[in-house]
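In the numbering used here, the protein residues as written are -10 to 365. Read the structure below first, then the notes.
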Amino acid sequence: MKLPLSAIARPADPASPQALTVLTPSFESAGNPYLSCLWGAVRRQGVTVQPYEPRRPIAELKADPRRGDILHLHWIQGFCKYDPARPLASWRLLLGSLRNLRYLQSQGVSIVWTVHNSRSHDVAFPWPEELFRWALAHLCDDVLVMSEYGRQELGEKYGRWKRVHCVPHGHYIGAYPHTLSRDEARSRLGLRPQQRVLLHLGHIKPYKGVDELLRCFRAIDDPEAVLVIAGACDGALGEAIAAEAAADPRVRLHLDFVEDAAVQLYLEAADWVVLPYRRILNSGSALLALSFGRPVVVPQRGALPELITDGEQGLCYDQDADLGVALRRALMTPRDRWQQYCARAEAQARRYDWEPIGAQLHEIYRQAIAHRRARR
């Protein structure tokens, strides 16, 4: 099911509503392209967005004269990350954060939370975060999800069904430099024009299934196929991937952080972007690939079926065992058919435009404020 952006709330008349101020936790990623695009769209609706630190001691919070209308939370690990070496401090952080959020509500600030993940990736001690998620799901005035799958999961896990809004993830068109041609990108990476290039791009973590991708690729007997893996990878996983890749000269590893300026280098050089998630809720990486006009190979997991239709913007598979079949399908795709995939990929990305998303958020903010005022 595709998200109906055409049905998104109308843009508000900037002259009619009172100006709104949205507070955003200052510890959230300042250089995150998603947040840059999101806050840009919100500001164009006439909303003021300000950084804020909601985890301070309660006395400091009370003494701070700044008040916004909305506190909008995204990634919550900064409120509840558990350190086994400092258990008491960890619990003080978690419980103190909930107390502070409740205090802000008592002062008329509405709390809005965007659920990006089912849980933070690769957390060693997940249960404190689960407790915080459950509490936050019931404390928030409004909860935002990015898909109907996310709405259902939120309801089933935490019992939160009311005042839950589906606000999709916007595209990344124009968010990264995009000046290289395909030939120039391939030349810089030492790839020949006729080679068929599969790409995995982004920070490599166990849940992303890169080790399985390597095994499936190595089983394919195609001398013109190339697998490029680009992204930071630490510890034992990085060592295992490097050892596996060393046995196949068709695999090109770039196990370093990919700067924003280099994103186009890899995506322009690629034919397909492969994202073999073992578990996933939403995928900004899939939207990034589509934004560069690159079809994707993805599992039918989480919200991905709402974004990708098999044979349209990419190729989908059901089980881990089917990844190899999907890779072969991608590598055997004729060039004219591949160009159709690319065109549909970019067209799909353009459906997730930030302007209607900003308008929808503006309306949700106004409703959240009205709802909180009515309850006081």
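For every residue, glycine included, the Cβ atom is placed at its ideal position computed from N, Cα and C. Just so we're clear, the structure is a prediction, and the values are computed from it rather than from any experiment.
Between which two residues does the alpha helix (DSSP H) harbouring residue i extend?
| i | result |
| --- | --- |
| residue 188 | Note, residue 188: premise wrong, no alpha helix (DSSP H); beta strand (DSSP E) at 185 to 190. |
| residue 127 | 115 to 128 |
| residue 230 | 224 to 235 |
| residue 200 | 199 to 207 |
| residue 172 | 171 to 178 |
| residue 351 | 343 to 364 |
| residue 325 | 324 to 339 |
| residue 164 | No alpha helix (DSSP H) contains residue 164, which DSSP labels as neither H nor E. |
| residue 33 | Note, residue 33: premise wrong, no alpha helix (DSSP H); not H, not E. |
| residue 313 | 312 to 320 |
Quick one, which of the options has its alpha-carbon nearest residue i's?
| i | options | result |
| --- | --- | --- |
| residue 315 | 159, 80, 286 and 23 | 286 |
| residue 114 | 237, 66, 129 and 199 | 66 |
| residue 338 | 346, 319, 298 and 277 | 277 |
| residue 281 | 74, 163 and 213 | 163 |
| residue 211 | 221, 186 and 192 | 186 |
| residue 271 | 150, 79 and 160 | 160 |
| residue 290 | 344, 137 and 21 | 137 |
| residue 29 | 345, 358 and 240 | 345 |
| residue 31 | 49, 9, 47 and 50 | 9 |
| residue 166 | 194, 332 and 254 | 254 |
| residue 216 | 223, 225, 231 and 226 | 231 |
| residue 78 | 108, 208, 33 and 117 | 117 |
| residue 237 | 204, 252 and 226 | 204 |
| residue 156 | 358, 340 and 364 | 340 |
| residue 38 | 360, 347 and 267 | 347 |
| residue 59 | 209, 50, 49 and 11 | 11 |
| residue 360 | 94, 229, 52 and 326 | 94 |
| residue 224 | 358, 192, 247 and 249 | 192 |
| residue 311 | 220, 35 and 208 | 208 |
| residue 141 | 52, 129, 107 and 322 | 107 |
| residue 309 | 181, 35, 22 and 268 | 268 |
| residue 68 | 362, 122, 331 and 146 | 122 |
| residue 49 | 343, 36 and 85 | 85 |
Since I believe residue j is in contact with residue i (beta carbons under 8 Å), could you give me their beta-carbon distance rounded to a whole number of angstroms?
| i | j | result |
| --- | --- | --- |
| residue 300 | residue 158 | No, residue 300 and residue 158 are not in contact; Cβ-Cβ is about 22 Å, not under 8 Å. |
| residue 71 | residue 57 | That belief does not hold up - the Cβ atoms of residue 71 and residue 57 are roughly 29 Å apart, past 8 Å. |
| residue 27 | residue 17 | Residue 27 to residue 17, Cβ: 11 Å. No contact. |
| residue 105 | residue 64 | 6 Å |
| residue 14 | residue 62 | 6 Å |
| residue 303 | residue 284 | 4 Å |
| residue 214 | residue 241 | With a Cβ gap of about 12 Å, residue 214 and residue 241 do not count as contacting. |
| residue 251 | residue 264 | Between residue 264 and residue 251 the Cβ distance is about 19 Å, and since that is not below 8 Å, they are no contact. |
| residue 144 | residue 292 | Going by Cβ atoms, the distance from residue 144 to residue 292 rounds to 15 Å, so no, they are not a contact pair. |
| residue 335 | residue 279 | 7 Å |
| residue 306 | residue 323 | 20 Å between Cβ atoms; not a contact. |
Could you spell out the range, first to last residue, of the beta strand (DSSP E) harbouring residue i?
| i | result |
| --- | --- |
| residue 102 | 99 to 103 |
| residue 39 | 37 to 41 |
| residue 297 | Taken as a continuous stretch (DSSP letters only), residue 297 belongs to no beta strand (DSSP E), as it is neither H nor E. |
| residue 144 | Taken as a continuous stretch (DSSP letters only), residue 144 belongs to no beta strand (DSSP E), being part of the alpha helix (DSSP H) at 137 to 147. |
| residue 304 | 303 to 306 |
| residue 156 | Where residue 156 is concerned, there is no enclosing beta strand (DSSP E), given that its DSSP letter is neither H nor E. |
| residue 14 | 10 to 14 |
| residue 241 | 240 to 243 |
| residue 219 | 214 to 219 |
| residue 288 | 285 to 288 |
| residue 131 | 131 to 134 |
What I want to know is whether the C-beta of residue i ends up closer than 7 Å to one or more non-hydrogen atoms of the ligand SAM.
| i | result |
| --- | --- |
| residue 132 | Ligands displayed in this structure: none; no statement on the ligand SAM is therefore possible. |
Three or more C-beta pairs closer than 8 Å, one from the region 351 to 358 and one from the region 117 to 137: is that the case here? Touching, per the Cβ criterion.
Do the region 89 to 103 and the region 43 to 56 meet, that is, are 3 or more Cβ pairs less than 8 Å apart? Three or more Cβ pairs closer than 8 Å define a contact, and the region 89 to 103 meets that threshold against the region 43 to 56.
Within the chosen definition, does the region 189 to 206 reach the region 166 to 177 through at least 3 CB pairs nearer than 8 Å? Judged by pairs of C-beta atoms under 8 Å, the region 189 to 206 does not touch the region 166 to 177, as fewer than three such pairs exist.
Across the region 92 to 111 and the region 250 to 262, are there enough close Cβ pairs to call them in contact, namely three or more that are closer than 8 Å? Touching, no, given that fewer than three Cβ pairs across the two stretches are closer than 8 Å.
Mind pulling the alpha helix (DSSP H) runs of 4 or more residues that sit fully within the region 38 to 93? If only complete runs of 4 or more residues are kept, the region 38 to 93 shows the alpha helix (DSSP H) at 47 to 52 and 66 to 69, in order along the chain.
Uninterrupted beta strand (DSSP E) stretches inside the region 247 to 279 (no shorter than 3 residues): Counting only runs of 3+ residues, the beta strand (DSSP E) found wholly inside the region 247 to 279 occupies 261 to 263, in chain order.
May I ask you to verify whether the region 133 to 153 touches the region 174 to 186, counting CB pairs closer than 8 Å and requiring at least 3? When Cβ pairs closer than 8 Å are counted between the two stretches, the region 133 to 153 is seen not to touch the region 174 to 186, the count staying below three.
Any contact between the region 295 to 312 and the region 187 to 196? By contact I mean 3 or more CB pairs, one from each, below 8 Å. As far as the Cβ criterion goes, the region 295 to 312 does not touch the region 187 to 196, which means the pair count is below three.
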